[in-house]
Amino acid sequence: MKVHSYEKAFLAVGIVVLLTCAAALVYATAARGIHLPGVSGRVDPRRVYQTPPFDKPGVREVGPGRYEAVIVSQTWAFVPPEIRVPANAEVTFTATTVDVIHGFNIEGTRLNMMLVPGQISRNSYRFTRPGEYLVICHEYCGLGHHTMAGKVVVEENP
Amino acid sequence: MAALTPTVLDPAGYELPLEQRRLLRWMLYIGYAALIAGVFHGLANALSYAGISILGWFPGLRTYYQGLTAHGVANVLIFTFSFANGFLPLMTARALSRPLDRRFLWASFLALLTGNVLVIYAVVSNQASVLYTSYAPLQAHWTYYLGLVLVVVSTWLALASMLVDLRGWRRQHTGARIPLLAYISISSYLMWFLASLPVAVSFLGFLLPWSMGLVERVDPLLTRTLFWFTGHAIVYAWLLPAYVSWYALLPRQVGGSLISDSYTRVVWILFLLLSIPTGIHHQYTDPGISQHLKALHGVLTFGIFFPSLATAFSVMASLEIGGRRRGGTGLLGWITRIPWGDPSVTAQLLAMLTFVLGGATGLINASYTMNQVIHNTTWVPGHFHMTVGTAVALTLMGVAYWLVPYLSGRGLYSRRLALASSWVYTIGILIFARGMISGGLHGMPRRTFMAEATYYSSEWRLPGLLTGVGGTLMFIGVMLFFLVIGLTIVAGRRGEQPSDIPVSETLTAPALTGWEPRLDRLGWWFAAAVLLIAIAYGPFFLSYAPEAVSPGFRVY
């Protein structure tokens with residue numbers, strides 16, 4: 001198979017671009033600590049509100065400057081609909097659903113998770129800018145899907 | 159390249175028996191009808207992002223998500239597969255100069271037709287507003303799942319008709335290389351056959367019995383993972399028929415040649431190997447799947463970008479050959495000599511140009527951590543309306559401008575109207591995608607009835623407006639296509655149709671010695687693809703213990 005020299009050059013440049021992009025991703029994950037959700041345990045969707053930590057939805061301080069936000073989703077609301085966290089704290093979001101698949105996306109951040117029945121979704125984020133952040137269910141979940149939203153209020157540190 | 163010997167395989171035209179031509183023609187008509195039927199809700203969805211709801215004026219299917227289901231199912235499932243069911247066997251028969259297997263062809267047609275009737279019933283009666291992804295535990299009526307399964311079965315039967323044809327040809331041509339056009343047509347559907355098995359397991363094994371009440375509960379993460387096991391490769395099943403046209407037909411249409419036989423086969427083998435073990439990059443933000451596996455699928459997704467890079471070079475080179483043969487000179491002068499007045503050529507060239515942007519945005523989707531910024535935002539439909547919505551759809555519209563005349567025996571009704579359709583559509587998609595892409599970067603959600611949402615962000619105003627404007631132009635483009643093709647079928651002049659399929663010559667003939675004939679051992683490559691899939695999906699299926707936790711919900 002003869003491959004033209006221009007073609008070899010074109011493909012070589014392509015491979016270099018792909019490898020550079022891949023290296024940037026490795027850097028973001030390993031050096032900057034940007035992670036995806038992974039395996040974080042299971043919960044029976046029929047017994048979500050009886051199973052810790054979902055029996056007490058809301059925000060709690062779990063250590064100095066570290067918070068856990070426990071969120072339950074259902075058609076068509078988040079429980080609780082609004083949470084408050086201090087700026088620059090490490091917030092771990094732990095969430096699930098009691099019925100269909102929902103989404104959990106905080107506007108203007110990289111916090112973006114699918115909430116799948118039977119599974120616990122978890123990821124962390126540090127809000128540096130105080131203010132109100134819209135939380136949207138961004139997976140179709142039925143007739144009222146476009147009414148399903150919540151709020152994260154990031155408060156200035158005292 | 160002048161030193162190489164041009165070869166033409168089977169220069170004599172070949173015509174299928176009339177009955178088979180008619181069957182293939184009707185499969186293509188079903189496909190194009192689905193394209194046209196689906197874009198009405200496409201328009202409604204796009205305008206919804208601009209804050210306008212026109213659903214109240216529709217005669218039926220008046221809820222947003224019912225319409226979105228119809229748009230997705232009609233335009234990415236029925237349109238694409240009906241087209242491929244007609245187009246790929248036609249190309250195979252032409253390349254092998256043999257009739258297809260009659261029984262499999264009929265069975266394919268009837269499965270497609272029955273599947274369509276069932277799906278239309280379920281969607282129109284609002285018993286299947288679950289979107290084309292069919293995520294459990296949202297539950298549809300059983301006719302929806304069964305109908306979609308029948309559509310998939312029709313693609314298997316179309317593949318069977320081609321494989322029977324190939325087996326007969328091989329018996330008569332021992333030691334000969336498979337003609338390129340047949341090779342790429344068959345291997346496109348061979349890849350899809352393998353890719354379609356997981357979704358078939360999901361539908362037949364779980365969702366269909368669950369929707370009929372035979373089992374009470376399913377595991378949503380399992381059926382979702384099975385869907386995406388098929389769901390990324392499916393985009394290549396949509397794309398490869400368009401690639402068949404770009405590689406093997408378009409060079410002839412512009413007066414050029416395909417540059418390399420073996421190179422083209424290698425590209426298709428790479429698609430067979432790499433299309434499927436990449437699906438988990440659609441589930442980066444899912445719980446219950448390990449980050450390591452997500453990273454592995456990310457790397458493999460970068461790998462599948464490679465054959466498309468190779469395609470960009472090869473197709474561009476064959477266009478350049480055509481432009482220069484027609485008198486084009488200088489670095490870029492050949493571009494002006496490509497026959498831009500031929501609507502079939504122009505549609506496909508505009509589809510390719512848009513695909514460059516589609517490919518680049520796709521690479522960002524695959525980019526592991528970056529995906530978290532855009533997952534399930536309008537960025538994603540912005541991306542795929544440039545890939546399946548333009549690279550594929552506009553190419554298939556371009557193919558129709560010679561294929562429908564060829565099969566119906568009538569000349570194209572209006573070249574100017576056809577050209578206008580492609581340009582309006584392309585300008586539309588560029589505006590539409592600019593809107594959706596930028597909105598997505600600001601978190602504008604996809605699959606959401608924005609015109610009546612209870613929340614809003616001021617950053618979505620301009621993106622939403624652009625989405626509405628661009629989507630309207632795309633709709634007008636498809637309506638012009640409808641006009642041209644409809645008028646061609648009923649009022650095109652008899653006898654003005656092309657007499658043969660535009661099969662390209664190849665600059666380098668297929669080698670008969672060395673390693674290259676091994677490319678024709680399709681069974682061997684199929685087995686290699688299975689092995690790669692086992693490596694990429696084995697860790698999930700071996701470690702995941704399914705738990706049927708979810709009853710069905712019909713909250714639409």
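Here the protein sequences line up with chains G and L, keeping their order. With this note's numbering, letter number 46 in the first sequence gets 46, and the count goes up by one each step, no holes. Counting the second sequence from 1 gives a position; this note's numbering is that position plus 158. Beta carbons are placed, not taken as given, at the ideal position from N, Cα and C, and that holds for glycine.
1. Any chance the segment 360-379 of chain L sits against the segment 392-402 of chain L, with 3 or more Cβ pairs inside 8 Å?
2. Rounded to whole angstroms, what's the CA-CA distance from residue 576 of chain L to residue 196 of chain L? Just pull it up for me.
3. Should residue 442 of chain L be flagged as near chain G, meaning a C-beta pair shorter than 8 Å?
4. When DSSP builds the beta bridges, which residues end up paired with residue 70 of chain G?
5. Candidates L:273, L:404, L:463: which alpha carbon is nearest residue 662 of chain L's?
6. Quick check: what's the CA-CA separation for residue 436 of chain L versus residue 532 of chain L?
7. In three-state DSSP terms, what is residue 105 of chain G?
8. Could you check if residue 212 of chain L is buried or exposed, using at least 16 other CB atoms within 10 Å of its CB as the buried criterion?
9. Counting C-beta neighbours from all protein chains within 10 Å, is the total for residue 203 of chain L 16 or more, i.e. buried, or is it exposed?
10. Tell me, please, which residues DSSP counts as bridged to residue 302 of chain L.
11. Considering only residues of the segment 333-416 of chain L, which uninterrupted alpha helix (DSSP H) runs meet the minimum length of 4 residues and lie entirely inside it, listed in chain order?
12. Is the separation between the beta-carbon of residue 81 of chain G and that of residue 151 of chain G shorter than 8 Å?
13. Using a 10 Å radius around the Cβ and a threshold of 16 neighbouring Cβ atoms, would you call residue 535 of chain L buried or exposed?
14. If the cut is a Cβ gap below 9 Å, which residues of chain L does residue 149 of chain G touch?
15. Which residues mark the beginning and the end of the beta strand (DSSP E) in which residue 78 of chain G is found?
16. List, from N- to C-terminal side, the alpha helix (DSSP H) runs of 4 residues or more that fit wholly inside the segment 499-563 of chain L.
17. Using a beta-carbon distance below 8 Å, is residue 173 of chain L in contact with chain G?
18. Can a CB atom of chain L be found closer than 8 Å to the CB of residue 2 of chain G?
19. I'd like the span of the alpha helix (DSSP H) that includes residue 133 of chain G, first residue to last.
20. Applying a beta-carbon distance threshold of less than 8 Å, which residues of chain G neighbour residue 605 of chain L?
21. Please report the straight-line C-alpha distance between residue 160 of chain L and residue 340 of chain L, rounded to a whole angstrom.
22. In the segment 375-394 of chain L, which residues sit with their C-beta less than 9 Å from some C-beta in chain G, listed in chain order?
23. Let me check one thing: in DSSP terms, what residues is residue 151 of chain G bridge-paired to?
24. Name, please, each residue of chain L whose Cβ falls closer than 9 Å to the Cβ of residue 75 of chain G.
25. From this set, G:113, G:10, G:133, which residue's C-alpha is nearest residue 73 of chain G's C-alpha?
26. Please list the partners that residue 101 of chain G has in chain L, where partner means a Cβ-to-Cβ separation under 7 Å.
27. Please name the residue or residues paired with residue 63 of chain G in a DSSP beta bridge.
28. Would you check if the distance between the CB atom of residue 107 of chain G and the CB atom of residue 136 of chain G is smaller than 8 Å?
29. Report the rounded CA-to-CA distance for residue 266 of chain L versus residue 85 of chain G, giving the unit in angstroms.
30. Tell me the residue span of the alpha helix (DSSP H) that contains residue 243 of chain L.
31. In chain order, what residues of the same chain lie with their CB nearer than 7 Å to the CB of residue 539 of chain L, ignoring the 5 residues before and after it?
32. Would DSSP call residue 119 of chain G helix, strand or coil?
33. Identify the continuous alpha helix (DSSP H) that holds residue 607 of chain L and give its terminal residues.
34. According to DSSP, simplified to helix, strand and coil, what is residue 262 of chain L?
35. Among L:578, L:257, L:681, L:642, which has the Cα closest to the Cα of residue 561 of chain L?
36. Quick check: what's the CA-CA separation for residue 721 of chain L versus residue 264 of chain L?
Reading off the structure:
1. Taking a cut-off of 8 Å on C-beta distances, the segment 360-379 of chain L does not touch the segment 392-402 of chain L, as fewer than three cross pairs fall below it.
2. To locate residue 576 of chain L, count along the second sequence from 1; it is residue 418. To locate residue 196 of chain L, count along the second sequence from 1; it is residue 38. Distance between residue 576 of chain L and residue 196 of chain L, taken at the CA atoms: about 20 Å.
3. Working through the second sequence from its first residue, we reach residue 442 of chain L at position 284. Yes, residue 442 of chain L counts as interfacial toward chain G.
4. Within the first sequence, numbered from 1, the residue matching residue 70 of chain G stands at position 70. In DSSP, residue 70 of chain G forms a bridge with G:58, G:94.
5. Within the second sequence, the letter at position 504 stands for residue 662 of chain L. Of L:273, L:404, L:463, the residue nearest in Cα terms is L:404.
6. Taking the second sequence and counting its residues from 1, one reaches residue 436 of chain L at position 278. Taking the second sequence and counting its residues from 1, one reaches residue 532 of chain L at position 374. Taking the straight line joining both Cα atoms gives about 18 Å.
7. Working through the first sequence from its first residue, we reach residue 105 of chain G at position 105. For residue 105 of chain G, the secondary structure class from DSSP, reduced to helix, strand or coil, is strand.
8. For the purposes of this step, residue 212 of chain L is taken as residue 54 along the second sequence, with counting starting at 1. The residue is exposed, with fewer than 16 neighbouring Cβ atoms inside 10 Å.
9. Translated into positions along the second sequence, residue 203 of chain L becomes position 45. Here residue 203 of chain L is buried, its C-beta having at least 16 other C-beta atoms within 10 Å.
10. Counting from 1 along the second sequence, the entry for residue 302 of chain L is found at position 144. Answer by DSSP bridge pairing: none, since residue 302 of chain L is not bridged.
11. As far as the segment 333-416 of chain L is concerned, its whole alpha helix (DSSP H) runs of at least 4 residues are 338-359, 366-369, 378-389, 391-402, 408-411.
12. In the first sequence, residue 81 of chain G corresponds to position 81, counting from 1. In the first sequence, residue 151 of chain G corresponds to position 151, counting from 1. When the beta-carbon positions are compared, residue 81 of chain G and residue 151 of chain G come within less than 8 Å of each other.
13. The residue labelled residue 535 of chain L in the question sits at position 377 within the second sequence. Residue 535 of chain L should be labelled buried.
14. Counted from its first residue, the first sequence places residue 149 of chain G at position 149. Residues of chain L passing the Cβ test: 611, 612, 613.
15. Working through the first sequence from its first residue, we reach residue 78 of chain G at position 78. Note, residue 78 of chain G: beta strand (DSSP E), 77-79.
16. Segments of the alpha helix (DSSP H) lying fully in the segment 499-563 of chain L: 501-524, 529-532, 537-544.
17. By one-based count along the second sequence, residue 173 of chain L stands at place 15. Taking 8 Å as the CB threshold, residue 173 of chain L stays off the interface with chain G.
18. Residue numbering aside, residue 2 of chain G sits at position 2 when the first sequence is read from its first letter. Taking CB atoms only, residue 2 of chain G has a neighbour in chain L less than 8 Å away.
19. Taking the first residue of the first sequence as 1, we reach residue 133 of chain G at position 133. Taken as a continuous stretch (DSSP letters only), residue 133 of chain G belongs to no alpha helix (DSSP H), being part of the beta strand (DSSP E) at 131-136.
20. The residue you call residue 605 of chain L lines up with position 447 of the second sequence. In chain order: 138, 139, 140, 145.
21. By 1-based counting over the second sequence, the position of residue 160 of chain L is 2. By 1-based counting over the second sequence, the position of residue 340 of chain L is 182. Because the pLDDT of residue 160 of chain L is 33, which lies under 50, any placement of that residue in the model is unreliable, and the number read from its coordinates should be weighed accordingly. Those two C-alpha atoms are separated by around 26 Å.
22. So the list reads 377, 378, 379, 382, given in the order they occur along the chain.
23. The residue given as residue 151 of chain G occupies position 151 in the first sequence. Bridge partners of residue 151 of chain G: G:82, G:134.
24. Here residue 75 of chain G refers to the residue found at position 75 when the first sequence is read from its first residue. Neighbours of residue 75 of chain G on chain L, chain order: 711, 713.
25. Position 73 of the first sequence, counted from the first residue, corresponds to residue 73 of chain G. Residue 73 of chain G has its Cα closest to that of G:113, out of G:113, G:10, G:133.
26. Reading the first sequence from its first residue, position 101 is the one you call residue 101 of chain G. Within 7 Å of the CB of residue 101 of chain G, the CB atoms of chain L belong to 293, 378, in sequence order along the chain.
27. For the purposes of this step, residue 63 of chain G is identified with residue 63 of the first sequence, where counting begins at 1. Answer is G:66, bridged to residue 63 of chain G.
28. By one-based count along the first sequence, residue 107 of chain G stands at place 107. By one-based count along the first sequence, residue 136 of chain G stands at place 136. At the C-beta level, residue 107 of chain G and residue 136 of chain G come within 8 Å of one another.
29. Position 108 of the second sequence holds residue 266 of chain L. Position 85 of the first sequence holds residue 85 of chain G. About 59 Å.
30. Locating residue 243 of chain L in the second sequence gives position 85, where the first residue counts as 1. Boundaries of the alpha helix (DSSP H) around residue 243 of chain L: 237-254.
31. One-based indexing of the second sequence puts residue 539 of chain L at position 381. Cβ-Cβ distances below 7 Å link residue 539 of chain L to 594, 604 in the same chain, with the five nearest sequence neighbours on each side left out; the list follows chain order.
32. Looking up residue 119 of chain G in the first sequence gives position 119. Of the three classes helix, strand and coil, the one that applies to residue 119 of chain G here is strand, per DSSP.
33. In the second sequence, the residue the question calls residue 607 of chain L occupies position 449. For residue 607 of chain L, no alpha helix (DSSP H) segment is defined, and its DSSP state is neither H nor E.
34. Along the second sequence, read from residue 1 onward, the residue named residue 262 of chain L stands at position 104. Assignment of residue 262 of chain L by DSSP, reduced to helix, strand and coil, places it in the helix class.
35. Position 403 of the second sequence, counting from 1, holds the residue named residue 561 of chain L. Put simply, of L:578, L:257, L:681, L:642 the residue whose alpha carbon is nearest the alpha carbon of residue 561 of chain L is L:642.
36. With chain L running from 159 to 714 in the structure shown, residue 721 of chain L is simply not present.
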